[in-house]
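Read in order, the letters of the sequence shown correspond to residues 5 to 234 in our numbering. Encoded as structure tokens, the structure appears first; notes follow it.
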Amino acid sequence: MLLFLSFVYGRFVDVIADDVIADRVMWLLIIALCVVQLITIDRGPRWMFYLSKPTPILLMALSIVITPNPLSNFAWWIVAGLILSALGDILLMHPKDKFVSGLLAFLLAHIAYTLGFSTTITTFTWWPLAIWSALGVIAFLLLLPNLGKMTFPVAGYIAVIVFMACTATEYWLGYNNNASRLALMGAAMFILSDLVLAIDRFRSSSQFSRHVVMFTYYSAQVLLTLSVIP
Numbered sequence: 005m006l007l008f009l010s011f012v013y014g015r016f017v018d019v020i021a022d023d024v025i026a027d028r029v030m031w032l033l034i035i036a037l038c039v040v041q042l043i044t045i046d047r048g049p050r051w052m053f054y055l056s057k058p059t060p061i062l063l064m065a066l067s068i069v070i071t072p073n074p075l076s077n078f079a080w081w082i083v084a085g086l087i088l089s090a091l092g093d094i095l096l097m098h099p100k101d102k103f104v105s106g107l108l109a110f111l112l113a114h115i116a117y118t119l120g121f122s123t124t125i126t127t128f129t130w131w132p133l134a135i136w137s138a139l140g141v142i143a144f145l146l147l148l149p150n151l152g153k154m155t156f157p158v159a160g161y162i163a164v165i166v167f168m169a170c171t172a173t174e175y176w177l178g179y180n181n182n183a184s185r186l187a188l189m190g191a192a193m194f195i196l197s198d199l200v201l202a203i204d205r206f207r208s209s210s211q212f213s214r215h216v217v218m219f220t221y222y223s224a225q226v227l228l229t230l231s232v233i234p
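Here you go:
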């Protein structure tokens, strides 16, 4: 699908002959699809809900791939994370419960982001690991009474996102520039989205929890994408 979107974008650029305008139109489309997803969570139609959930993420990946400059290893890992996230979105939309499969896809996405952040790290600082680990333990203990058979998968998932947050923080500490700030904010927003989703699934659900999950999720992915684009 990413290749198809790339082909469509190429034809669109050929028509308007202006890369800047094409990029702006694509980002307007990304934002519009995110808004459509938030609206259709409750109201439908279902086909629009299914279409609008993974497509913005794939378009974000495309926005990185089409940049004129050669991509760094960091950028390619972010692209991989976005594609795996879109796969997770598709699995979680499946009529039959594919929560574990979706969890695995997002686990791999977080690993991709972690590997991306790791390419930027030159030194190690102890306190990010301590702080993020403490927050991870608190979140796990909050969810533990209701996890049941999901105890070990959720524990593993939390461990991965904690390490992802640590590497994002190390990236920010090492560079302290706009890209590293966006990356750290994206990582933190992704963790918030995962936490709200976990609370909704394993503790108590609310009317607007899915909206909060998707808003924070899309915000995270936008921030991570912008951390790569010059």
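Note that CB positions come from ideal geometry on N, CA and C, so glycine has one too. From a predicted model like this one, the values you see are computed outputs, not experimental measurements.
Any non-hydrogen atom of the ligand FAD within 6 Å of residue i CB
i, result
"A138", "In terms of ligand content, the structure shown is empty, and the ligand FAD therefore cannot be addressed."
Supposed close pair residue i, residue j - CB separation, criterion 8 Å
i, j, result
"A187", "S231", "4 Å"
"L147", "R207", "7 Å"
"M64", "Q225", "6 Å"
"H98", "M168", "Contact doesn't hold; Cβ gap of about 25 Å is too wide."
"W130", "V166", "In fact, because the Cβ distance is near 14 Å, the residues do not count as touching under 8 Å."
"I82", "L227", "The Cβ separation is near 11 Å, so there is no contact."
"L75", "I68", "7 Å"
Own chain partners of residue i with C-beta closer than 7 Å, once the 5 adjacent residues on each side are dropped
i, result
"R185", "W176"
"S197", "V217, T220, Y221, A224"
"I162", "G140, A143, F144"
"V40", "M52, S56"
"L201", "V217"
Cβ shell of residue i (< 6 Å), same chain only, five flanking positions each side left out
i, result
"F121", "T171, A172, Y175"
"Y117", "G85, M168"
"L37", "S56, T59, P60"
Per-residue burial, residue i [other beta carbons within 10 Å of its own, 16 or more giving buried]
i, result
"K153", "exposed"
"F212", "exposed"
"A138", "exposed"
"G92", "buried"
"G48", "exposed"
"L235", "The chain is shown only over 5 to 234; residue 235 falls outside these bounds and no answer can be derived."
"I35", "exposed"
"L66", "buried"
"L33", "exposed"
"A79", "buried"
Own chain, CB closer than 8 Å to residue i, minus 5 neighbours either side, in chain order
i, result
"G178", "T124, I125, T126, T127, S184"
"Y54", "M97"
"L42", "H215, M218, F219"
"V164", "L111, H114, I115, T118"
CB contact check: residue i to chain B, cutoff 7 Å
i, result
"A134", "In summary, chain B is missing from the structure at hand, where a single protein chain is found."
request  = Take every Cβ of the stretch 137-144, pair it with every Cβ of the stretch 80-92, and state whether three or more of those distances are shorter than 8 Å.
outcome  = Contact fails: fewer than three Cβ-Cβ distances are below 8 Å.
message = Ignoring anything shorter than 3 residues, give me the beta strand (DSSP E) runs that lie fully in the stretch 65-153, in order along the chain.
response = DSSP runs (the beta strand (DSSP E)) wholly in the stretch 65-153: none.
query = Are there three or more Cβ pairs, one per stretch, closer than 8 Å when the stretch 151-165 is compared with the stretch 107-116?
reply = The stretch 151-165 vs the stretch 107-116: in contact.
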